[in-house]
Structures are given as C-alpha cells and as structure tokens.
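Visitor: Pasting in a structure now, in structure tokens, and then I'll have a few things to ask.
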Ligand SMILES: Nc1ncnc2c1ncn2[C@@H]1O[C@H](COP(=O)(O)OP(=O)(O)OP(=O)(O)O)[C@@H](O)[C@H]1O
Ligand SMILES: [Mg+2]
C-alpha cells in the first residue's frame with residue numbers, strides 16, 4: 007500500500023479530507039452552533055479593544071466618575087458575554103471532536119470485523135490497534151480544538167488587522183512591515199519543533215510496542231532469563247525517546263524566548279513611536295492602548311495559526327491511515343443473489359480439485375488439487391503430518407479464504423453462492439488453539455448462540471466434562487475469564503470450547519485436535535460426549551491420536567496438501583505406508599501410555 011507517486015499521495019490526502027468531512031455531515035446543527043459561538047467570541051474579544059479605548063479616553067481623560075462607571079459596566083457586560091460565548095464554543099467544538107471520533111472508531115471497527123482473515127495476516131494487528139487509538143485521538147484533538155483554534159485566530163487576525171487600520175493608519179503600516187520579521191523565526195523554529203515532536207512520538211510508540219510484546223510473553227522471557235537483555239534494550243528505547251525529547255525542548259524553549267523578544271520588542275517599539283504621537287497630540291492615549299491591544303491580538307493569532315498548521319498536517323496523515331483501513335475491501339465477496347440452503351442441512355460436502363496458497367506464501371500450495379466427499383451424517387477423520395493442510399481445509403470450508411482453484415459444495419451448492427453467515431451457521435468449530443474471550447464463562451459458552459437458555463448451557467458443559475470444574479469456581483458460570491481465557495489450563499480451555507460447539511448445535515462439527523490437551527480420563531469422557539454429538543451430524547475431526555481416529559467412519563490421509571488415501575483404519579494400515587507409519591508410532595505411544603496408567 008505504498009503511495010505510488012506524488013499525485014496519488016495528494017489524491018490520498020484529498021480523499022481523506024472528503025471522508026472526514028462526510029463524518030462531520032450529520033452534525034451540521036452542532037457545527038453551526040460552534041461557528042456562531044466562534045464568531046460571537048471573536049467579535050467580543052475584538053470589541054474589547056474599543057472598550058479599552060473608551061475607558062481611557064472618556065473615563066480617565068475626562069476625569070468623569072459616572073462615565074468611568076458606565077464604561078466599566080460595559081466592560082463587565084462584555085466579559086460576561088465572552089464567558090458565555092466561550093463556554094458555548096468550547097462545549098460544541100469539543101463535543102464535535104469527541105462525537106466524530108466515536109463515529110470513526112465505530113465505523114472502522116465495524117468494517118474491520120467483516121474483513122477477510124487474510125487481511126490480518128498481512129497487517130500487524132498491533133499497528134491496526136494503534137491506528138484505532140492513536141490516530142483517532144489525534145483527529146479528536148484536531149477536530150475538537152485545532153480546527154477551532156485555526157478558525158478563531160483567522161477571524162481574530164482579519165478583524166484585528168481591520169481595526170488596526172481603522173485605529174491608526176501610520177502605525178498599522180509600520181506593524182505590517184515588521185510582520186515578516188516576527189513571523190519568519192517563529193515559523194522556522196515551529197517547523198523544527200513539529201518535526202522533532204513527531205519523531206519523539208514515534209520513539210514513544212516504540213517504547214509502548216516493546217512493553218506490550220515483552221510483558222505479553224513474560225513467562226518465556228523469565229524462563230530464558232532474558233530480563234537483563236530486555237532491560238538494556240528497553241533502556242535504549244527510553245533513552246532514544248528522551249534524546250529526541252531533549253532536542254525538542256531546546257527548540258521549543260528557544261522558540262518561546264524568540265517570540266517574547268520579538269513580540270514584546272515590537273510592542274515596545276510601537277509604544278515608543280505611538281507614545282511620541284500621543285505626546286505631540288496626534289493621537290489619544292486610548293487609541294494607542296487600543297492599537298497595542300489589536301497588534302498583540304494579531305501577533306498571537308498569527309503565532310497560533312502557524313502552530314496549528316502542523317497539527318492539521320499531522321491529522322491529515324492520521325486521517326489518511328484511517329481511510330486506508332476503511333478502504334480495505336474484503337476479499338471474501340458476498341454473492342449478489344445468494345442461494346438458499348435447504349431447511350435441514352444434512353452436512354453433505356463435496357470438495358472438487360481444491361487448490362490453495364496463503365497470500366503470504368503464494369509459491370507453496372497448502373492444498374493441492376484436493377478432492378473429497380463427505381457424506382451426510384458421516385464422521386470423517388483427517389490425519390497427516392504437521393503442515394499437511396488439515397487446518398487450512400477447515401479455513402476454506404468456513405470460507406475464511408477462497409480456494410485459488412476448485413470448488414467446495416455444501417448440499418450441492420457452491421459455497422461462494424451462499425451468504426457467508428448462512429454458510430458459517432452450518433458449522434461448529436473447535437479450533438486448534440481454543441479461542442476464549444474476556445468476560446463471564448457463560449458468555450463464552452453462549453458465544454455461538456447468545457439466546458441459549460441456561461439448561462441447555464449446563465447440559466453442554468456437562469457433556470464436555472467441564473461443568474464440575476465451573477461449579478467449583480467462586481462465581482460459577484458468572485466467573486470472568488481474563489483476556490483470551492487467561493486463568494484456565496489448556497485442557498479446561500479446550501473443554502470450554504467443546505461445550506461451546508455442543509451448545510451451538512450446528513449440523514456440521516469441525517474438530518481441530520479438539521482433545522489434544524486433555525488428560526487420558528477427560529479425553530475418554532469428552533470423546534464419549536462427542537460420540538453422542540457426532541451421531542446425528544456430519545463431523546470432520548482432525549486428530550493425531552489414533553483412539554479418536556479409529557472411531558471414525560472413514561479416515562482421510564492428507565500429505566503436502568494432497569489427499570493420499572481414504573478408507574477404513576484396517577484398509578489404510580494395509581494399503582497406505584504413511585498411515586501405517588503414523589499408526590504404528592501412535593500405537594506404541596498409546597501402549598506405553600496405557601501401561602503407565604495401569605501401573
Ligand atoms: N496464515 C498462514 N500464512 C501462510 N502460510 C500458512 C498460514 N497458515 C498455515 N500456513 C502454511 O500452510 C501449510 C498447511 O498448514 P496447516 O495449518 O493447514 O497444517 P496442519 O495440517 O493443520 O498442521 P498441524 O497438524 O501442525 O496443525 C503449512 O505449510 C503452513 O506453514
Ligand atoms: Mg492444524
């Protein structure tokens with residue numbers, strides 16, 4: 007996804023702006039509130055200058071107490087109006103930032119969760135996470151403040167310049183000439199500060215990524231006594247971040263100093279020139295005060311705008327990255343007119359010359375012209391060496407990927423012609439690494455059918471031999487699991503995953519080494535439960551253990567993405583050397599294992 011040329015980069019930027027504007031569209035009303043408040047406060051701030059002029063010229067100069075009181079009252083009135091206006095502006099502008107970013111996050115997540123799984127093989131999910139959080143936070147600060155700062159200061163600058171000229175033409179011309187003198191150094195330092203603060207942010211992100219990775223694998227880190235190396239590496243990351251920050255601080259401090267000298271110096275100069283005019287009676291004291299007031303306003307407005315421009319540029323980058331995510335298309339296309347599955351799916355699957363390569367490794371065929379028919383109600387075992395393509399076949403059945411060549415038919419319908427939701431509803435999957443989620447056990451069990459009642463849930467848990475364990479937990483079925491089922495043993499996780507599949511009650515069961523982490527006894531019981539379950543539904547079971555395999559109606563031997571042989575245990579022992587070898591190794595293992603349990 008590299009930008010191909012300058013023009014396409016510009017296009018990206020333009021598109022990002024269009025998409026972000028679309029996010030603002032629903033909030034026209036709020037935007038108009040914010041704009042109105044913005045104009046109102048800017049006008050008031052500008053008119054304060056006139057208040058100052060009146061205060062000095064009419065109040066002080068005429069030495070009239072009632073007039074002074076009157077002007078001070080007007081001043082207070084302006085202050086209150088300013089406060090109210092600022093409240094409104096701040097509220098609506100910040101509200102808009104938060105609201106729009108909430109919408110963006112929501113849209114991006116809704117989009118991501120429907121994308122084909124292959125997308126996440128190619129994009130690190132950590133990076134996607136950072137886009138969803140860091141980039142949107144940046145946008146939030148821009149929409150919720152920078153844009154308004156830019157607008158407000160633009161109004162102030164324009165209004166301020168107009169008032170400058172109205173107040174005093176000669177002084178205004180002097181100011182106008184000295185503007186580049188003040189602004190140029192500010193721009194130069196400002197650019198340096200911005201570049202450094204971006205780099206400094208990147209370094210901080212490195213620190214975060216490093217912490218995430220190391221702490222996520224803390225047991226491996228400590229088991230290999232890798233802490234010292236990690237401490238050193240982490241310290242390096244932290245120091246890098248600090249070094250960049252130091253450079254930024256220097257530039258920033260210089261910037262502030264330069265601004266003070268230039269701006270206040272210019273004010274002093276103006277006071278001198280203007281003061282001479284006051285002494286000579288060319289202008290009044292109030293006029294001079296108002297003039298200084300306006301030039302400070304114009305100066306600070308220019309400063310703020312130049313600072314905010316960098317923010318806006320960074321936000322455009324963030325918006326581009328978000329739009330890139332939103333533009334990612336799912337490679338699993340939904341049919342325009344999906345075909346309907348029969349009401350009761352029997353589980354008849356026909357795989358026809360199916361070939362597949364993972365996008366990240368296009369030269370290796372994970373499945374190579376595989377043909378296979380699974381009869382309704384049958385239990386088919388898939389065996390074969392590691393990397394043979396067994397799990398990949400499941401992925402294709404669920405249409406996480408589309409085959410490069412060949413077809414899969416469910417009930418005689420090409421699965422590409424089925425609505426993917428309808429297709430996936432036909433399967434209950436227990437995957438190789440049981441996937442559990444943060445939250446109560448009950449929610450995890452009801453994952454496949456949230457509407458299930460508690461009795462059905464208990465039955466499923468009992469069938470998977472996990473009920474007794476759950477009952478023992480302090481809060482039973484309401485016990486919350488950590489991220490990814492943290493706090494459970496491998497076998498417990500597997501049994502929960504099996505219970506979930508049982509509860510889902512789909513016509514076809516896909517078991518990917520579902521019992522590999524169970525001890526002999528639980529495996530026996532879970533096997534029994536699965537047998538009941540397999541009885542009236544089609545089951546594909548991937549297993550390395552012969553005990554599981556032997557109970558299957560037929561066994562398919564996969565090797566290097568191809569179907570080597572298919573048949574009964576006996577026939578394969580006699581006719582397929584690979585199976586015979588796998589079986590003999592297994593038998594020896596199970597023999598010694600059962601010998602162990604007997605003694
Ligand atoms: N996401 C992926 N990206 C690239 N290649 C992959 C991916 N997943 C699997 N593969 C490759 O595809 C081939 C088949 O893998 P698969 O997971 O289907 O094997 P398996 O038969 O299930 O093996 P095991 O018994 O070890 O689980 C392997 O060579 C593997 O390295
Ligand atoms: Mg596998």
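Residue numbers (the working numbering): 7 to 605.
In this text, a Cβ means the ideal position worked out from N, Cα and C, and glycines have one as well.
Check whether the Cβ atoms of residue 5 and residue 376 sit closer than 9 Å, and answer yes or no.
Guide: An answer regarding residue 5 cannot be provided, because it is not within the stretch 7 to 605 covered by the chain.
Visitor: Do the CB positions of residue 553 and residue 563 come within less than 9 Å of each other?
Guide: Cβ distance not < 9 Å, so residue 553 and residue 563 don't count as in contact.
Visitor: For a quick check, are the C-beta atoms of residue 173 and residue 320 less than 9 Å apart?
Guide: For residue 173 and residue 320, no; Cβs fall outside 9 Å.
Visitor: Which residues in the same chain have their Cβ closer than 6 Å to the Cβ of residue 123, if we skip the five residues on either side of it in sequence?
Guide: Contacts found: 406.
Visitor: Just how far apart, CA to CA, sit residue 550 and residue 388?
Guide: Those two C-alpha atoms are separated by around 9 Å.
Visitor: Would residue 441 and residue 451 qualify as a contact pair, given that the criterion is a beta-carbon distance under 9 Å?
Guide: No; because the gap between Cβ atoms is not below 9 Å, this pair is not in contact.
Visitor: Please go through the same chain and pick out, in chain order, the residues whose beta-carbon is closer than 7 Å to the beta-carbon of residue 391, but skip the five residues on each side of it.
Guide: Result list for residue 391: 565, in chain order.
Visitor: My parser needs the beta strand (DSSP E) runs of 3 or more residues fully inside the region 160 to 211; what are they?
Guide: None, since the region 160 to 211 contains no complete beta strand (DSSP E) of that length.
Visitor: Pull up the DSSP beta-bridge partners for residue 415, would you.
Guide: DSSP lists 356, 420 as partners of residue 415.
Visitor: Should residue 95 go down as buried or exposed, given a rule of 16 or more other Cβ atoms within 10 Å for buried?
Guide: Counting Cβ neighbours within 10 Å, residue 95 comes out buried, since at least 16 surround it.
Visitor: Output the boundary residues of the beta strand (DSSP E) element that contains residue 565.
Guide: Counting along the chain, the beta strand (DSSP E) containing residue 565 begins and ends at 560 to 565.
Visitor: Exposed or buried, what is residue 499 when buried is set at 16 or more other beta-carbons lying within 10 Å of its beta-carbon?
Guide: Burial call: buried.
Visitor: I need the straight-line Cα distance from residue 221 to residue 561, nearest angstrom please.
Guide: Distance between the alpha carbons of residue 221 and residue 561 is about 43 Å.
Visitor: Who are residue 362's beta bridge partners in DSSP?
Guide: Partner(s): 373.
Visitor: Looking at ligand 2, does it come within less than 8 Å of residue 127, judged from the CB to the closest heavy atom?
Guide: Residue 127 Cβ: outside cutoff for every heavy atom of ligand 2.
Visitor: Span of the alpha helix (DSSP H) holding residue 45?
Guide: Taken as a continuous stretch (DSSP letters only), the alpha helix (DSSP H) holding residue 45 covers 34 to 60.
Visitor: First and last residue of the alpha helix (DSSP H) that includes residue 328?
Guide: Residues 291 to 333.
Visitor: Would you call residue 146 buried or exposed, if buried means 16 or more other Cβ atoms sit within 10 Å of its Cβ?
Guide: Residue 146 should be labelled buried.
Visitor: Do you know offhand how far residue 525's Cα is from residue 455's?
Guide: Approximately 28 Å, taken between the alpha carbons.
Visitor: For the structure I just gave you, are there three or more beta carbon pairs, one from the region 240 to 255 and one from the region 197 to 215, closer than 8 Å?
Guide: Touching, per the Cβ criterion.
Visitor: Just curious, the beta strand (DSSP E) that residue 120 is in, first and last residue?
Guide: First-last for residue 120: undefined, no H or E at that position.
Visitor: With hydrogens ignored, establish whether the beta-carbon of residue 528 is closer than 8 Å to any heavy atom of ligand 1.
Guide: No, Cβ of residue 528 sits at least 8 Å from all heavy atoms of ligand 1.
Visitor: Residues with a Cβ closer than 5 Å to any heavy atom of ligand 1, in chain order?
Guide: Output, sorted by chain position: 127, 364, 366, 367, 372, 392, 393, 394, 395, 396, 397, 398.
Visitor: Identify whether residue 410 lies in helix, strand or coil by the three-state DSSP scheme.
Guide: If DSSP states are grouped into helix, strand and coil, residue 410 belongs with coil.
Visitor: Quick check: the Cα distance between residue 515 and residue 536, rounded to an integer number of angstroms?
Guide: Distance between the alpha carbons of residue 515 and residue 536: 10 Å.
Visitor: Leaving aside the five residues before and after residue 580 along the sequence, list all residues of the same chain whose C-beta is less than 6 Å from its C-beta, in chain order.
Guide: Answer for residue 580: no residue qualifies.
Visitor: Run through DSSP, which three-state label would residue 345 get?
Guide: Residue 345: strand per DSSP, three-state reduction.
Visitor: Just to confirm my understanding: we take residue 44, look at its own chain, exclude 5 residues before and 5 after, and list those with CB closer than 8 Å. What are they?
Guide: For residue 44, where only same-chain residues beyond five positions count, the Cβ hits under 8 Å are 95, 99, 154, 157, 158, 161.
Visitor: Please name the residue, chosen from 432, 204, 236, 486, that lies closest to residue 513 on a Cα-to-Cα basis.
Guide: Comparing Cα positions, the closest option is 432.
Visitor: Is residue 438 near ligand 2, with its Cβ less than 8 Å from a heavy atom?
Guide: Yes.
Visitor: Measuring alpha carbon to alpha carbon, tell me which of 30, 226, 127 ends up nearest residue 108.
Guide: That would be 30, whose Cα lies nearest to the Cα of residue 108.
Visitor: On the DSSP letters alone, give me the boundaries of the alpha helix (DSSP H) that residue 281 sits inside.
Guide: Looking at the DSSP string, the run of the alpha helix (DSSP H) that includes residue 281 is 271 to 285.
Visitor: Measuring alpha carbon to alpha carbon, tell me which of 67, 294, 555, 559 ends up nearest residue 55.
Guide: Of the candidates 67, 294, 555, 559, the one whose C-alpha sits nearest the C-alpha of residue 55 is 294.
Visitor: Return the chain-ordered list of same chain residues with a C-beta closer than 7 Å to the C-beta of residue 137, the five sequence neighbours on each side being excluded.
Guide: Closer than 7 Å at the Cβ level, and outside the excluded window around residue 137, lie 327, 328, 331.
Visitor: Which first and last residues belong to the beta strand (DSSP E) in which residue 568 is found?
Guide: Its beta strand (DSSP E) spans residues 568 to 573.
Visitor: What's the call for residue 20, buried or exposed, on a 16-neighbour Cβ count within 10 Å?
Guide: Label assigned to residue 20: exposed.
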